[in-house]
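Chains as they are written, first to last, in my numbering: chain A, 22 to 225; chain B, 26 to 305.
The next block holds one structure in the form of structure tokens; read it before the comments.
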Amino acid sequence: MGDLTDMEFDALKEVGNVGVGNAATALSKFLDKKIDIALPDTRFVHFSKLSEELGGAERIVTGVYLQLVGDLSGEAIFIFEQEGAFKLIDLITGNQVGNTKNMTTFNESAFKEMTNIFTGAYLSSLSKMLDLTILQSIPHMAADMTQSILDFILIRFSEHADDILMIKTEIDIQGHNINGCFMMIFEPDSLSKLIDVLKTKYGI
Amino acid sequence: MESEDIIVSMGRYAIAYPPATLGCVGLGSCIGLVLYDKNTGMAGMAHIMLPEIKESQPKGNLTALIAHNNIKMINVIKRVMDEQKIQMYEIKNDLGNIRSHAGKINPDIMLIDSRVDVSPIDLMQELVSDFRNMRVILTNVTTDSDMISNFYNHGAYNVLFNPLTNTKIKIAIDSAARYKMLKYANVTINMMLSQMIAEGADRASIRAKIAGGGHMFQTIIDSDIANIGFNNVKAVKKYLGELGIPLIADSTGGSLGKTIKFKCGQTKLDIATQKWKSTI
Numbered sequence: 022m023g024d025l026t027d028m029e030f031d032a033l034k035e036v037g038n039v040g041v042g043n044a045a046t047a048l049s050k051f052l053d054k055k056i057d058i059a060l061p062d063t064r065f066v067h068f069s070k071l072s073e074e075l076g077g078a079e080r081i082v083t084g085v086y087l088q089l090v091g092d093l094s095g096e097a098i099f100i101f102e103q104e105g106a107f108k109l110i111d112l113i114t115g116n117q118v119g120n121t122k123n124m125t126t127f128n129e130s131a132f133k134e135m136t137n138i139f140t141g142a143y144l145s146s147l148s149k150m151l152d153l154t155i156l157q158s159i160p161h162m163a164a165d166m167t168q169s170i171l172d173f174i175l176i177r178f179s180e181h182a183d184d185i186l187m188i189k190t191e192i193d194i195q196g197h198n199i200n201g202c203f204m205m206i207f208e209p210d211s212l213s214k215l216i217d218v219l220k221t222k223y224g225i
Numbered sequence: 026m027e028s029e030d031i032i033v034s035m036g037r038y039a040i041a042y043p044p045a046t047l048g049c050v051g052l053g054s055c056i057g058l059v060l061y062d063k064n065t066g067m068a069g070m071a072h073i074m075l076p077e078i079k080e081s082q083p084k085g086n087l088t089a090l091i092a093h094n095n096i097k098m099i100n101v102i103k104r105v106m107d108e109q110k111i112q113m114y115e116i117k118n119d120l121g122n123i124r125s126h127a128g129k130i131n132p133d134i135m136l137i138d139s140r141v142d143v144s145p146i147d148l149m150q151e152l153v154s155d156f157r158n159m160r161v162i163l164t165n166v167t168t169d170s171d172m173i174s175n176f177y178n179h180g181a182y183n184v185l186f187n188p189l190t191n192t193k194i195k196i197a198i199d200s201a202a203r204y205k206m207l208k209y210a211n212v213t214i215n216m217m218l219s220q221m222i223a224e225g226a227d228r229a230s231i232r233a234k235i236a237g238g239g240h241m242f243q244t245i246i247d248s249d250i251a252n253i254g255f256n257n258v259k260a261v262k263k264y265l266g267e268l269g270i271p272l273i274a275d276s277t278g279g280s281l282g283k284t285i286k287f288k289c290g291q292t293k294l295d296i297a298t299q300k301w302k303s304t305i
């Protein structure tokens, strides 16, 4: 991996881009707020550098992990700085921002619901574009140093490849200084399958 | 982490002397292993990801570039390269030569004498940014150099201390050739221990401390994921046992990310989580 042709790489970037609009709309509707989502940053990154890409290895963050299953396998993870996660929960529950100060079971559910909606909308666009079925597992949450919550993903990935194709989408909620990111990675076999599908469907 | 700490990233190890501090950041399911020798003050830290790999010979044709000004060991180096089937090139140890040949050859492994005519740190940063996968081995470093952490943190793959010996060269080149396998406990523990002994550590005085091997997402019950940390702990303890290295302290398991620090020359391992700090 890492030796894709320019056309293959551009096609993969397109795949990442396709989901964003739908996910942004879904999130915006869910929160009743304007959402800023830039096009994803799609790049190969060495596994040892991934936590730096997501804001720093030691930063304490709220992470939500979903496994991607079906015709393609992979992982999705949301990384939000803790204060931002609490503010987001306030928006979801319709409370005054600044109200939530810790992660209760209820708050956790609310946050996970957001991740479900975002991921679901993203994958539904991908599935349509590729004519494949890609589904998400239930979300799992952990709050700790970025490196520690990523490391099991990197460990499993590194058994097959050292460079990860990272599809990273920054999520910014207008007017509230809440920023997080959503990252998707596909397992090496699925990445190859994805490229084959793109070749067949779109003749790249 | 303070700027003088050597941060050992995933799938790597580093060996250092006082006044350096070795550290691993954010251990989740990974294991941070420190081996230390009270007599010499030398310590090694490894950031281990997986239990074991059976087949561990490097694949593919590797190239190496040796920059030196009449290094005494050149014949040993040539022999080791030959045994490892690594294509080797020799050039003079100055910036101009290093730059131009690195560009032309794009070697997998580079050996540079730290007495090169420019700051070795600037040189390494340049090489590492231009050639992301190149492993740079620095030779002729003094054990009391307060630049050790700078060398590592600016991209050196391995640092060989004076005096340079056959064994040190063999191990460093082997480690650089097999660098993708250092994520496995069996490979890295053996490699790091061999290098420490080649550097003069007294085998019988070496002790171990470990931390990490947790499971961060407690709601994930799929054993493929939930047992990664546990399997790593089991493997590290097994290999330490087989090698006869006493495990003095252990802060493993649980669901908190850990940052560990070990100051070379003493024996305490500092552990910090988001909830507590402790020393084992």
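Backbone N, C-alpha and C fix where the C-beta goes; we use that ideal spot for every residue, glycine too.
When C-beta atoms of the segment 293-302 of chain B are compared with those of the segment 256-268 of chain B, fewer than three pairs fall below 8 Å, so the two segments do not count as touching. With contacts defined by Cβ atoms closer than 9 Å, LEU87 of chain B and ILE134 of chain B form a contacting pair. By the CB criterion at 9 Å, THR244 of chain B and MET162 of chain A fall inside the cutoff.
Of the candidates B:SER125, B:GLY279, B:LEU163, B:ILE162, B:SER125 places its Cα closest to the Cα of ASP155 of chain B. Between the alpha carbons of LYS189 of chain A and ILE96 of chain B lies a gap of roughly 47 Å. With 16 or more other Cβ atoms inside 10 Å of its own Cβ, THR140 of chain A counts as buried. In terms of beta-carbon proximity, LEU171 of chain A lines the interface with chain B, with at least one pair separated by less than 9 Å. Residue pairing from DSSP places GLU102 of chain A in a beta bridge opposite A:VAL82. For SER145 of chain A, the enclosing alpha helix (DSSP H) covers residues 126-151. At a cut-off of 9 Å, the C-beta of SER94 of chain A has no neighbouring C-beta in chain B. The straight-line gap separating the alpha-carbon atoms of LEU109 of chain A and ALA47 of chain A is approximately 15 Å. Residues ALA32, ILE225 of the same chain have their beta carbon placed closer than 6 Å to that of LEU219 of chain A, with the five preceding and five following residues left out of the count. For the segment 237-249 of chain B, the set of residues with a beta-carbon nearer than 9 Å to any beta-carbon of chain A comprises GLY237, GLY239, HIS240, MET241, PHE242, GLN243, THR244, ILE245, ASP247, ASP249, in chain order. When the alpha-carbon of ILE170 of chain A is set against those of B:THR192, B:LEU294, B:SER280, B:PRO44, the nearest one is in B:SER280. At least 9 Å separates the CB of MET205 of chain A from every CB of chain B. Rounded to the nearest whole angstrom, the CA to CA distance from ASP217 of chain A to LEU144 of chain A is 18 Å. Going by DSSP, ILE173 of chain B is part of the alpha helix (DSSP H) stretching over 173-178. Taking 8 Å as the upper bound for CB-CB distance, GLN168 of chain A and GLY282 of chain B are in contact here, some 7 Å apart.
When DSSP states are grouped into helix, strand and coil, GLU191 of chain A belongs to the strand group.
The C-beta separation of ILE32 of chain B from ALA41 of chain B comes to about 12 Å, leaving the pair out of contact by the 8 Å criterion.
ASP147 of chain B and MET172 of chain B have their C-alpha atoms spaced approximately 12 Å apart. From the beta-carbon of SER303 of chain B, no residue of chain A is found nearer than 8 Å; the closest lies around 16 Å away.
Inter-segment contact for the segment 149-163 of chain B and the segment 173-192 of chain B is present: three or more beta-carbon pairs are separated by less than 8 Å. When only Cα atoms are considered, GLN82 of chain B and THR121 of chain A end up about 54 Å apart. The secondary-structure analysis by DSSP pairs VAL59 of chain B across a beta bridge with B:MET70, B:LYS234. Counting along the chain, the unbroken beta strand (DSSP E) around TYR38 of chain B starts and ends at 38-41.
Within the same chain, and ignoring the five residues on either side of ASP138 of chain B in sequence, the residues whose Cβ sits closer than 6 Å to its Cβ are HIS93, ASN118, THR164, ASN165. By the criterion of a C-beta distance shorter than 6 Å, GLU29 of chain B is surrounded in its chain by SER174, once the five residues flanking it on both sides are discounted. Under the Cβ distance rule, PHE68 of chain A counts among the residues neighbouring chain B, one pair being separated by less than 9 Å.
DSSP places HIS126 of chain B in the uninterrupted alpha helix (DSSP H) bounded by 120-130.
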